[in-house]
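Here's the structure, in structure tokens; my notes come after.
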DNA sequence: TTGATATTGTCACAATCATAAACCAAATAA
DNA sequence: TTATTTGGTTTATGATTGTGACAATATCAA
């Protein structure tokens with residue numbers, strides 16, 4: 143039997159990273175993809191090359207190396223990247239070790255689905271509260287959490303130091319809810335309502351509009367030659 | 143009372159548009175946003191300026207003009223854009239008048255939420271079938287549709303000429319489902335499973351990964367100075 | 001008619017981004 | 001040792017994108 147040992151020279155430059163470098167947004171968007179790819183490879187593997195990772199992430203291998211170089215010098219020349227180091231650095235860089243707390247506002251079909259969604263917890267996010275103003279829903283349980291009225295939002299956010307608000311209300315309430323969340327100290331918002339929320343300084347807002355995604359697909363359906371991106 | 147009349151010189155170059163021009167992907171992504179903005183303005187308004195539309199869509203006004211110029215010369219100098227013409231052209235360009243049919247595969251919490259989501263029908267998409275391989279779900283109804291086993295997928299796709307497949311299964315089944323959909327003639331896939339699907343020639347794939355969105359937010363939570371994009 | 005104002009369409013330029021190439025460094029394999 | 005593999009860094013290049021500037025066009029008021 144052949145026991146192969148690779149020596150990964152591991153050096154972390156943890157704390158410094160966040161201060162110094164500004165990672166290009168296009169790279170930031172790919173970091174979670176790399177993390178996802180790491181979860182898909184053979185758990186017995188301890189190393190991975192940029193070429194292999196590029197294949198999994200469906201990007202250019204030079205891109206992988208450049209992207210990862212933003213996190214410090216993680217790889218070992220002639221060998222590749224140590225998977226657990228790489229995963230740790232990615233998680234560190236993305237802030238997944240901070241244990242951010244999130245609340246979901248709007249517990250309709252989508253909000254309920256989000257509450258059940260296991261992918262959040264896996265990545266270090268904790269959904270600590272569900273809010274809805276429908277009297278029929280208040281005090282009922284979804285995914286092990288009791289639905290609260292919005293009037294209790296502020297207390298909750300203070301108590302749990304909630305950093306992320308997930309909006310899954312109908313469009314007409316979304317801006318109001320966003321205002322309340324920001325008011326309660328929430329600094330990041332993930333919006334599923336089909337409206338554009340007002341930009342607020344220092345508040346990060348990302349929107350996922352399901353029907354917009356379909357509309358983009360629809361455009362390319364008529365033009366099979368063209369290729370969509372991102 | 144003051145009756146103000148604006149003369150919009152309307153000229154449509156319908157059919158030709160799709161053949162000739164290739165609209166930049168970044169623009170294609172904004173077209174649904176403009177369409178959304180048009181729904182939010184006073185229904186009595188008949189015209190809108192690029193400046194106003196830019197404000198609503200939260201982009202630069204030069205950007206709006208350039209984006210819209212890809213659809214032909216829709217505006218009138220010194221006046222603005224005729225709203226109904228603009229809406230029509232956007233819908234035409236995005237293929238929303240084609241009445242694409244879609245199926246949802248995987249009727250868990252998320253799939254069920256998508257089946258109930260009204261935003262699809264509003265934009266001209268019809269969800270005509272739900273599929274799942276869980277025997278406990280087969281033949282039960284969700285959102286007025288009977289859940290069918292995947293074995294019936296092909297017949298269904300042929301019968302309804304399904305163009306879009308929406309995948310809402312757990313990650314481990316997603317690639318298999320995608321393969322089946324493509325096999326059944328589906329040309330566009332909207333994937334909610336947290337995996338990267340294989341690229342297939344002439345098949346459009348868009349992925350929405352809920353936890354990835356949160357991860358990107360998380361990165362910027364640690365760095366309040368930086369600003370996310372897109 | 002003329003001038004003032006508003007607004008589009010388009011060009012030019014700058015910024016960002018992706019990709020390839022070149023070259024070196026470090027580790028392994030033979 | 002030497003050859004091979006692979007990452008890190010720099011540079012170059014072309015593509016895409018965003019934005020300021022401005023001429024062209026329409027309306028309005030005098």
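Protein chains in written order, with this note's numbering: chain A, 143 to 372; chain B, 143 to 372. The beta-carbon is built from N, C-alpha and C at its ideal position, and this holds for glycine as well. Note that this is a predicted model, so its numbers are computed, not measured.
Asked, Found
"Validate contact between the stretch 243-250 of chain A and the stretch 211-223 of chain A using beta carbons, cut 8 Å, 3 pairs", "no"
"Contact with chain B by residue 267 of chain A, beta-carbon distance below 9 Å", "yes"
"Residue-level contact to chain A via CB, residue 255 of chain B, 9 Å cutoff", "yes"
"Outcome for residue 344 of chain A when other beta-carbon atoms lying within 10 angstroms are tallied against a minimum of 16", "exposed"
"Identity of the residues DSSP links to residue 272 of chain A by a beta bridge", "A:246, A:289"
"Three-way DSSP call (helix, strand, coil) for residue 282 of chain A in this model", "coil"
"Chain A residues whose Cβ lies nearer than 7 Å to that of residue 245 of chain B", "Per Cβ cutoff of 7 Å: no residues; residue 245 of chain B is ~13 Å from chain A at best."
"Member of B:359, B:297, B:292 whose CA lies at the smallest distance from the CA of residue 273 of chain B", "B:292"
"Bridge partners - residue 348 of chain A, DSSP secondary structure assignment", "A:332"
"Any chain B beta carbon closer than 9 Å to residue 306 of chain A", "yes"
"DSSP three-state assignment for residue 313 of chain A, whether helix, strand or coil", "helix"
"Residue environment, residue 208 of chain A, which counts as buried when at least 16 other CB atoms sit within 10 Å", "exposed"
"Cβ of residue 291 of chain A within 9 Å of any chain B Cβ", "no"
"Selected residue, minimal CA-CA separation from residue 239 of chain A, among A:266, A:281, A:175", "A:266"
"Extent of the continuous beta strand (DSSP E) run through residue 222 of chain B", "222-224"
"Pair within 9 Å by beta-carbon distance, residue 243 of chain B and residue 303 of chain B", "yes"
"Near-chain B residues of the stretch 196-209 of chain A - C-beta to any C-beta below 8 Å", "198, 199, 200"
"Whole-angstrom distance between residue 218 of chain A and residue 311 of chain A, CA atom to CA atom", "48 Å"
"Inter-stretch contact at 8 Å, needing at least 3 Cβ pairs: the stretch 346-362 of chain A / the stretch 329-342 of chain B", "yes"
"Reduced DSSP category for residue 169 of chain B - H, G, I as helix; E, B as strand; rest coil", "helix"
"Closest Cα partner of residue 181 of chain A within the set A:203, A:226, A:165, A:192", "A:226"
"Anticipated Cβ contact below 8 Å, residue 336 of chain B with residue 313 of chain B, distance rounded", "5 Å"
"In chain order, each alpha helix (DSSP H) run of at least 4 residues that lies wholly inside the stretch 191-215 of chain B", "192-199, 203-211"
"Close beta carbons around residue 283 of chain B, own chain, < 8 Å, minus the five adjacent residues each side", "289"
"Buried/exposed call for residue 196 of chain B, threshold 16 Cβ in 10 Å", "buried"
"Test: residue 272 of chain B CB closer than 9 Å to a CB of chain A", "no"
"Cβ shell of residue 175 of chain A (< 7 Å), same chain only, five flanking positions each side left out", "199"
"Min CB distance residue 330 of chain A to chain B below 9 Å", "yes"
"Residues sharing a beta bridge with residue 227 of chain A, DSSP", "Paired residue(s): none; residue 227 of chain A is not in a bridge."
"From B:201, B:245, B:285, residue whose alpha carbon lies closest to that of residue 260 of chain B", "B:285"
"Neighbourhood of residue 346 of chain A by C-beta distance below 6 Å, restricted to the same chain and skipping five residues each side", "330"
"Given residue 255 of chain B as reference, the closest of B:334, B:165, B:341 once Cα atoms are compared", "B:334"
"Identity of the residue in A:184, A:297, A:339, A:258 nearest residue 317 of chain A by Cα", "A:339"
"Contacting residues, own chain, Cβ-Cβ under 7 Å from residue 165 of chain B (five flanking each side not counted)", "212"
"Proximity to residue 342 of chain B [Cα-Cα], best of B:356, B:355, B:320", "B:320"
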